[in-house]
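> Using the UniProt record's numbering, you'd call the opening residue of the sequence shown number 1 and step up by one each time.
Right, I'll just put the structure down here and ask away after.
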Amino acid sequence: MSELLLRLEPTLGHAAGPVPADLAEGFATDGAPLVLQHDPILASLPPPPPAPAPDFDWGQALASLQSALSDAVPLLQWFFLLYFIAYNGSYILFNLMSLFSLLRYRREQEATMPSDGETRDEFPVSLIVPVFNQASAAVAAVRAMQHLDYSVFEIIIVNDGSDDETLDVLLREFSLAPFPEAYRDRLQTRHVKSVYASTEYPNMRLVDKEKTGRADALNAAINCARYPLYCSVDVGHVLQRDSLRRMARPFADDPLAVAACSAMGAANGAVTKDGFIDRIGLPRNMLALFQVVEQLRAFLPGRAWWSDINAMLVLPGAFAVFRKETVVAAGAYRTDVADAEMELLVRLHRLSRKAKAPYRITLVPDTVCWAPVPEKMHTQKIRQILRQRALHESLKLNLRLLFSRTGGAAGALAFPFLLLFEWLGPLIELLGYVAMTALWLFGAISLESFWTFMLLAIGLGMLLSVSGVMLDEMSSRTYPRLGSVLKLFAAALLENFGYRQLTAFWRVAGLLRSRSGSAI
Numbered sequence: 001m002s003e004l005l006l007r008l009e010p011t012l013g014h015a016a017g018p019v020p021a022d023l024a025e026g027f028a029t030d031g032a033p034l035v036l037q038h039d040p041i042l043a044s045l046p047p048p049p050p051a052p053a054p055d056f057d058w059g060q061a062l063a064s065l066q067s068a069l070s071d072a073v074p075l076l077q078w079f080f081l082l083y084f085i086a087y088n089g090s091y092i093l094f095n096l097m098s099l100f101s102l103l104r105y106r107r108e109q110e111a112t113m114p115s116d117g118e119t120r121d122e123f124p125v126s127l128i129v130p131v132f133n134q135a136s137a138a139v140a141a142v143r144a145m146q147h148l149d150y151s152v153f154e155i156i157i158v159n160d161g162s163d164d165e166t167l168d169v170l171l172r173e174f175s176l177a178p179f180p181e182a183y184r185d186r187l188q189t190r191h192v193k194s195v196y197a198s199t200e201y202p203n204m205r206l207v208d209k210e211k212t213g214r215a216d217a218l219n220a221a222i223n224c225a226r227y228p229l230y231c232s233v234d235v236g237h238v239l240q241r242d243s244l245r246r247m248a249r250p251f252a253d254d255p256l257a258v259a260a261c262s263a264m265g266a267a268n269g270a271v272t273k274d275g276f277i278d279r280i281g282l283p284r285n286m287l288a289l290f291q292v293v294e295q296l297r298a299f300l301p302g303r304a305w306w307s308d309i310n311a312m313l314v315l316p317g318a319f320a321v322f323r324k325e326t327v328v329a330a331g332a333y334r335t336d337v338a339d340a341e342m343e344l345l346v347r348l349h350r351l352s353r354k355a356k357a358p359y360r361i362t363l364v365p366d367t368v369c370w371a372p373v374p375e376k377m378h379t380q381k382i383r384q385i386l387r388q389r390a391l392h393e394s395l396k397l398n399l400r401l402l403f404s405r406t407g408g409a410a411g412a413l414a415f416p417f418l419l420l421f422e423w424l425g426p427l428i429e430l431l432g433y434v435a436m437t438a439l440w441l442f443g444a445i446s447l448e449s450f451w452t453f454m455l456l457a458i459g460l461g462m463l464l465s466v467s468g469v470m471l472d473e474m475s476s477r478t479y480p481r482l483g484s485v486l487k488l489f490a491a492a493l494l495e496n497f498g499y500r501q502l503t504a505f506w507r508v509a510g511l512l513r514s515r516s517g518s519a520i
């Protein structure tokens with residue numbers, strides 16, 4: 001029996017030594033403890049295989065996942081609902097507050113309007129016109145600018161390395177000849193080949209330089225500018241005769257003004273005469289019409305309130321007049337961003353706040369400059385992607401303004417609002433539509449809950465668009481004809497069924513490309 005226990009030892013898994021009492025009971029004959037001895041033959045045998053792991057219970061895993069999702073669904077519903085309410089509700093509130101600002105602006109304009117024969121002090125302005133391979137358009141635009149209703153201004157054309165006949169045409173049409181002027185290199189730019197002056201128009205000069213893009217062309221023109229204020233006008237822009245008078249007025253009224261901005265109108269549908277806007281009309285193209293509503297909804301009304309508290313950070317596609325010395329001190333235009341003027345506007349806020357220097361960046365509620373808007377989807381897609389990229393770059397490069405101790409309303413209110421609703425807004429809006437649709441398709445929410453969300457999201461969007469049209473009609477009356485107003489109201493309703501969602505998708509693409517650093 002002892003030999004039997006010795007051979008059972010490896011199987012029982014015990015080391016050599018005393019046998020447990022419950023096993024040895026009945027085998028000991030002399031009362032002495034029974035000791036197992038090590039068997040080298042059994043020790044050389046491989047250990048028994050481990051017990052197989054139990055099969056993965058997919059049913060239990062899916063049940064756990066469904067339980068977790070069911071707990072998260074109400075949170076997702078409330079998050080997206082509250083975000084859409086906050087987004088649209090804040091803009092509707094801004095529209096209401098902006099109404100009082102715009103009405104006050106109209107009253108002040110009427111009260112201080114100079115009578116016939118009366119003149120008022122006006123700052124001289126330098127008009128900068130960057131040109132690249134646009135001979136005929138540049139000639140027409142510059143000829144019209146000569147007839148602006150303003151006392152003192154100069155026109156600086158910048159030929160940004162055109163490789164066609166543009167330079168020769170401009171030299172011939174405006175009698176431009178080499179001008180022995182000392183070029184003040186206050187701002188670093190690429191090589192300036194020559195400066196020309198017109199023998200026919202004493203207020204016109206041309207700067208011929210290597211091609212480096214619009215921002216560098218503007219910096220080169222600023223180096224040549226003689227006057228304290230300047231603004232840039234692309235050859236495709238259409239002005240009104242009194243555009244400069246309206247845009248320069250804030251500088252005469254407020255010595256702290258460093259920039260004045262106005263949203264651009266859509267030139268599609270407008271009638272021009274002698275290079276100026278003669279009659280304002282709506283575009284027939286539906287995509288262009290949606291962009292008019294977009295401007296009335298988002299660009300002008302909300303910015304009026306931000307301007308009141310000196311916190312207007314960005315105004316996409318703006319027409320702006322700047323104080324030259326302030327811009328030069330800030331480093332002027334960056335050449336590595338999508339929208340140099342948007343970034344400059346945010347930087348002026350940041351640097352002025354940091355230096356604790358009193359300043360003011362104001363909004364001119366009048367639409368005084370008009371430009372064609374895209375009528376093709378591909379062009380509009382690129383425009384929206386670039387716009388979101390420009391916003392991303394402007395905020396990223398001036399992030400120190402956010403919640404800074406000297407940031408004031410710009411850093412404490414406007415910057416976080418832009419981050420939450422303009423920078424991140426398109427992504428959350430798109431995720432809201434996708435997530436709620438997916439939850440309904442997979443049965444996580446009821447059809448009633450799905451339609452409640454959609455009606456709220458789209459309904460608030462409609463209300464916001466309609467309020468923007470109403471605000472313009474009550475204050476500016478940009479489109480005074482009844483037929484135009486009714487057309488705008490119809491477009492304000494229709495744009496929420498597809499166009500706004502598509503715009504959000506394009507802007508998300510712009511945000512993702514900005515984060516990855518990829519080109520358009």
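Quick reminder that beta carbons are idealized off the backbone N, C-alpha and C, glycines included.
Can you find a C-beta in chain C that's less than 8 Å from the C-beta of residue 88?
Absent from the structure is chain C; it holds one protein chain and no more.
> Alpha carbon to alpha carbon, how far is residue 169 from residue 129?
Answer to the nearest angstrom: the Cα atoms are 15 Å apart.
> Hey, residue 262 and residue 368 are a contact pair by Cβ (cut 8 Å); roughly how many whole angstroms apart?
That pair is a contact at about 6 Å.
> Does the distance from the CB of residue 221 to the CB of residue 207 come in under 8 Å?
Taking 8 Å as the Cβ cut-off, residue 221 and residue 207 qualify as a contacting pair.
> Where do the ends of the alpha helix (DSSP H) carrying residue 204 lie?
Careful: residue 204 lies outside any alpha helix (DSSP H), inside the beta strand (DSSP E) at 204 to 209.
> Report buried or exposed for residue 365, applying the criterion of at least 16 other Cβ atoms within 10 angstroms of its Cβ.
Label assigned to residue 365: buried.
> Name the one or two DSSP bridge partners that residue 159 has.
The partner list for residue 159 (beta bridge, DSSP) reads 131, 208.
> From the DSSP output, which residues share a beta bridge with residue 370?
Per DSSP, 238, 265.
> When you compare only the Cα positions, how much space is there between residue 236 and residue 371?
Each residue's alpha carbon lies about 6 Å from the other.
> Could you have a look at residue 184 and say whether DSSP puts it in helix, strand or coil?
Residue 184: coil per DSSP, three-state reduction.
> Hey, how far is the Cα of residue 499 from the Cα of residue 179?
Each residue's Cα considered, the two are about 51 Å apart.
> I need the boundaries of the alpha helix (DSSP H) containing residue 492, first residue and last residue.
Residues 482 to 494.
> Just the C-alpha distance for residue 117 and residue 245, rounded to the nearest angstrom, thanks.
Here the model assigns residue 117 a pLDDT of 49, short of 50, so the residue's position is not dependable, and the following value carries that caveat. If I take the Cα positions, the gap works out to 16 Å.
> Distance check for residue 232 and residue 320, CA to CA, integer angstroms please.
For residue 320 and residue 232, the distance between alpha carbons rounds to 7 Å.
> If the criterion is Cβ atoms closer than 8 Å, does the pair residue 219 and residue 332 meet it?
For residue 219 and residue 332, yes; Cβs fall inside 8 Å.
> Assuming residue 453 and residue 81 form a contact by the criterion Cβ under 8 Å, report the distance between their Cβ atoms to the nearest whole angstrom.
So it is a contact: roughly 6 Å between Cβ atoms.
> Using DSSP with H/G/I as helix, E/B as strand and the rest coil, what is residue 360?
Residue 360: strand per DSSP, three-state reduction.
> Put residue 533 into one of helix, strand or coil per three-state DSSP.
Only positions 1 to 520 of the chain appear in this structure, which leaves residue 533 out of reach.
> How close, in whole Å, do the beta carbons of residue 456 and residue 84 come, if the pair is a contact with beta carbons under 8 Å?
Rounded, the Cβ-Cβ distance is 6 Å, consistent with contact.
> Hey, could you find the ends of the beta strand (DSSP E) residue 272 is sitting in?
Note, residue 272: beta strand (DSSP E), 271 to 273.
> Kindly indicate the opening and closing residues of the beta strand (DSSP E) around residue 322.
Here the beta strand (DSSP E) through residue 322 covers 318 to 323.
> Starting from the Cα of residue 468, find the closest Cα among 234, 415, 88 and give me that residue.
Nearest of 234, 415, 88 to residue 468, Cα basis: 88.
> Tell me which same chain residues have a C-beta within less than 8 Å of the C-beta of residue 229, skipping the five on either side of it?
Around residue 229: 123, 124, 125, 126, 248, 251, 321, 322, 323, 324.
> State whether the region 306 to 318 contacts the region 409 to 423, with contact taken as three or more CB pairs (one from each stretch) at a distance under 8 Å.
Segments in contact, yes.
> Residue 159: which of 135, 304, 145, 274 sits nearest, CA to CA?
The option with the nearest alpha carbon to residue 159 is 135.
> Determine, using beta carbons only, whether residue 131 and residue 140 come nearer to each other than 8 Å.
No, these two residues do not count as a Cβ contact at 8 Å.
> Short of 6 Å in beta carbon distance, which residues of its chain neighbour residue 298, apart from the five on each side in sequence? Order them along the chain.
So the list is empty, once near-sequence residues are dropped.
> So, are the CB atoms of residue 395 and residue 424 less than 8 Å apart?
No.
> When the Cα of residue 278 is compared with those of 352, 443, 478, which residue comes out closest?
If we check each option's Cα against that of residue 278, 478 comes out closest.
> In whole angstroms, what is the alpha-carbon distance linking residue 387 and residue 503?
Taking the straight line from one Cα to the other gives about 11 Å.
> Assign residue 186 to one of two classes, buried (16 or more other C-beta atoms within 10 Å of its C-beta) or exposed (fewer than that).
Exposed, since its Cβ has fewer than 16 Cβ neighbours within 10 Å.
> Tell me which residues share the same chain as residue 466 and place their Cβ nearer than 8 Å to its Cβ, disregarding the 5 neighbours each side in the sequence.
The answer, listed in chain order, is 489, 492, 493.
> Below 8 Å on the Cβ atoms is my guess for residue 99 versus residue 475; work out the distance and round it to an integer in Å.
Indeed, because the Cβ distance is near 7 Å, the residues count as touching under 8 Å.
> Got a sec, what are the start and stop residues for the alpha helix (DSSP H) residue 382 sits in?
Start and end: 377 to 397.
> Can you tell me where the alpha helix (DSSP H) with residue 458 in it begins and where it stops?
Element bounds for residue 458: 447 to 475.
> Taking all protein chains shown into account, do 16 or more other C-beta atoms lie within 10 angstroms of the C-beta of residue 238, making it buried, or fewer, making it exposed?
The residue is buried, with at least 16 neighbouring Cβ atoms inside 10 Å.
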